[in-house]
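Participant:
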Amino acid sequence: MNFDAKILIVDDELPARKLLMGYLQKIGYENLTDVDSAEKAIQKLCIEKFDLVISDWNMPQMTGLEFYQLITERELITGVPFLMVTSVNEKDNVLKAIKMGVQGYIIKPFDVETLQDKIDDVLK
1 MNFDAKILIV DDELPARKLL MGYLQKIGYE NLTDVDSAEK AIQKLCIEKF
51 DLVISDWNMP QMTGLEFYQL ITERELITGV PFLMVTSVNE KDNVLKAIKM
101 GVQGYIIKPF DVETLQDKID DVLK
């Protein structure tokens, strides 16, 4: 496991970002960047390289899936795993995300172990 991995967290809700960052720090990751919108994430991805992107599905202006599609089309995350986090457990959404290339999907609420398992899967 590479605890030096640079991780970008995208979620419009501050409590959700703080919880996710806390979980990641508990696992051992320290190189974390968080933003509150897909637009800010795109700006970050234009100037910085990340090893993993974790994004919420439900965000204003642009859904997590629209965000993924845009950054994939612009080749901002070529070869970078993308993990989707959502409170919506709809099979159609999961299948759509996976079909588009999203490497992992986590349904809220989740615990540290679930997050670690998903990250291990996408970073291997």
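Note that the sequence shown covers residues 1 to 124 in the UniProt record's numbering. Ideal placement from N, C-alpha and C gives every residue a C-beta, glycine not left out. This one's a predicted model, so the numbers in the text were calculated from it and none came from an experiment.
Between the Cα of residue 126 and the Cα atoms of Lys91, Leu20 and Met62, which residue gives the shortest distance?
Facilitator: No information on residue 126 is available, as it lies outside the stretch 1 to 124 that the chain covers here.
Participant: Going by DSSP, which residues form a beta bridge with phenylalanine 110?
Facilitator: Position 110 of the sequence shown holds residue 110. None; phenylalanine 110 has no bridge partner.
Participant: Got a sec, what are the start and stop residues for the beta strand (DSSP E) phenylalanine 82 sits in?
Facilitator: Taking the first residue of the sequence shown as position 1, residue 82 is located at position 82. Here the beta strand (DSSP E) through phenylalanine 82 covers 82-86.
Participant: Could you check whether the stretch 80-90 touches the stretch 98-118, counting it as contact only if at least three pairs of C-beta atoms, one from each stretch, sit closer than 8 Å?
Facilitator: yes
Participant: Which residue comes first and which comes last in the beta strand (DSSP E) that contains aspartate 56?
Facilitator: For the purposes of this step, residue 56 is taken as residue 56 along the sequence shown, with counting starting at 1. Where aspartate 56 is concerned, the enclosing beta strand (DSSP E) stretches over 52-56.
Participant: Decide yes or no for the touch test of the stretch 6-25 against the stretch 42-50: beta carbon pairs closer than 8 Å, at least 3 of them.
Facilitator: In short, these stretches touch, since the Cβ pair count reaches three.
Participant: Leaving out five residues before and five after proline 60 in sequence, what residues of the same chain have Cβ atoms less than 8 Å from its Cβ?
Facilitator: Counted from its first residue, the sequence shown places residue 60 at position 60. The beta carbon of proline 60 sits closer than 8 Å to those of Asp12 and Ser37, all from its chain and outside the five residues before and after it, given in chain order.
Participant: What do you reckon, are the CB atoms on leucine 20 and aspartate 4 nearer than 9 Å?
Facilitator: Locating residue 20 in the sequence shown gives position 20, where the first residue counts as 1. Locating residue 4 in the sequence shown gives position 4, where the first residue counts as 1. The answer is no: Cβ separation not under 9 Å.
Participant: For glutamate 66, which residues in the same chain have their Cβ closer than 8 Å to its Cβ, ignoring the five residues on either side in sequence?
Facilitator: On the sequence shown, residue 66 is found 66 positions in, with the first residue counted as 1. Closer than 8 Å at Cβ, skipping near neighbours: Ala38.
Participant: From this set, Thr78, Leu83, Leu14 and Gln103, which residue's C-alpha is nearest glutamate 48's C-alpha?
Facilitator: Here residue 48 refers to the residue found at position 48 when the sequence shown is read from its first residue. Of Thr78, Leu83, Leu14 and Gln103, the residue nearest in Cα terms is Thr78.
Participant: What does a CB cutoff of less than 6 Å around aspartate 51 pick up in its chain, not counting 5 residues either side in sequence?
Facilitator: Start at 1 with the first residue of the sequence shown, and residue 51 comes out as number 51. Cβ within range, chain order: Ala5 and Lys6.
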